[in-house]
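Numbering (our numbering), first residue to last: 3 to 368. Built from N, CA and C at the ideal position, the CB exists for glycine as well. Working notes for the structure below.
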Amino acid sequence: MKPKLESMKVLHEKLLDEINGQSSDQDLTPTKFAEKTKQLHDLSLITEKYEEIVALIRDLFTLQQMLEDPSTIQDPDLLEMTQEEIKTTTESIQGMEKELLLAMVPTDTADEANAILEIRAGTGGDEAGLFAADVLRMYERFAERQRWRWEEISKNHDGLGSIKDAMIAITGPNVFGQLKFESGVHRVQRVPATETQGRIHTSTITVAIMPQPTEVQVQVNDSDVRVDVFRASGSGGQKVNTTDSAIRLTHIPTGIVVAIQDERSNQKNRAKAFTILRAKLFEREREKLALVRRDSRRKQVGSGTRSEKIRTYNFPQNRVTDHRINKTVHELEAVLDGESLPEFIQALKIEEQADLLMTMNENEQV
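This is the structure:
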């Protein structure tokens, strides 16, 4: 651990020189400058904690020498005071070491990004569509509490109060970092309003949270995208616009298709479609890297894929259970109102940190 910390100190000094313009590299682009500034900030936290620990260890060594000094041994008050200081200093070192380990946990660079939320009704017919609307409202309430901006990109209704799918752009600080654990299959168990026998039905929806990259992070070549324009249609297939305002993008190398028809303006639909396409391409690359990491050690907090069943909302029991961390709360209404959602988010963050720490320690031993 010590050699790694020393190398971090060296890197910290190097970055400091580069940012202050003392390095020979005078070609720092704004993007690289931002990346290096962020890296410097993270390293500063680590090196400061490390130096504090080193200073405390020196103090502890001095106190232990005092404890062995005959003058201390012969003075009961001084002896008691020295022993107490040794105990306090040791506890401080242990606490600082825990903080240092947490600071050393690799951070997800996408955590600070805005996000695209995608919800799709799954199995369960009308009940799945109603639950999709419930979960969409849950995230909207949560976003309001976080003071995030909520922008509807597309929403396809399927009857009164029911939706087939929806896509939302959420903008604000640390959006993806807060919501990234929500990706997966959400299951609901409840008695539908149309059920005359009182039987509990099970339905599912799929949630996807994708970080929203900048155009610099994901560059899409025009030659790789086929653009089709068509007239927007409503339910039943009737045309709702007399102009070709709807846009369909097909990314030829990956086969990813994005279609947007919500806006009357062709240009607005095109801009929205490219925003979603970049997000899907960015997430595709992240998933590839995540699969490589999971080949060596599967994440305890789950795969984060759309096919993974992550949470059950049981209405008769007033229960919400997250299956990845076996956490259950009996306040379903508060969760669906977005008020108690942070309980799950925080628990999943702690689990992720513990898992990353374990992986980091295993790599140190290799």
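- Annotation: M360 to E99 spans about 15 Å, alpha carbon to alpha carbon.
- DSSP places Q214 in the strand class (E or B) of the three-state scheme.
- When only Cα atoms are considered, E53 and E8 end up about 10 Å apart.
- Judged by DSSP in its simplified three-state form, N268 adopts helix.
- Taking a C-beta distance under 8 Å as the contact criterion, E345 and I327 do not qualify as a contact pair.
- In terms of CA proximity to T39, E20 leads the group E20, A57, K51 and I48.
- Per DSSP, Q180 is one residue of the alpha helix (DSSP H) stretching across V177 to L181.
- Counting along the chain, Q191 sits inside the beta strand (DSSP E) bounded by residues G186 to R192.
- Rounded to the nearest angstrom, the Cβ distance from I312 to M169 is 20 Å, too far for a contact under 8 Å.
- With a cutoff of 8 Å on beta-carbon distance, I207 and Q191 are scored as not near each other.
- Counting only residues of its own chain and dropping the five nearest sequence neighbours on each side, V222 has a CB closer than 8 Å to the CB of H253, F276, L279, R280 and L283.
- When C-beta atoms of the stretch 101 to 119 are compared with those of the stretch 165 to 181, three or more pairs fall below 8 Å, so the two segments count as touching.
- By the neighbour-count criterion, in which 16 or more other beta carbons inside 10 Å mark a residue as buried, I165 falls on the buried side.
- Between I95 and I48, the gap from beta carbon to beta carbon reaches 8 Å or more.
- Per DSSP, reduced to three states, the secondary structure at I262 is strand.
- Between T92 and L69, the C-beta gap is not smaller than 8 Å, which leaves the two residues out of contact.
- Using a Cβ distance threshold of 8 Å, V209 and S185 count as a contacting pair.
- In the structure shown, L18 adopts helical secondary structure according to DSSP, grouped into three states.
- Residues of the same chain with a CB within less than 8 Å of the CB of L17, apart from the 5 flanking positions on each side, are K38, Q41, L42 and L45 in chain order.
- Contact check between the stretch 133 to 143 and the stretch 336 to 345: three or more CB pairs, one atom from each, fall below 8 Å, which counts as touching.
- Counting along the chain, no beta strand (DSSP E) covers V137; the unbroken alpha helix (DSSP H) around it starts and ends at D128 to Q148.
- A buried status is given to A135, since no fewer than 16 other beta-carbon atoms sit within 10 Å of its beta-carbon.
- Residue pairing by DSSP puts F232 in a beta bridge opposite A248.
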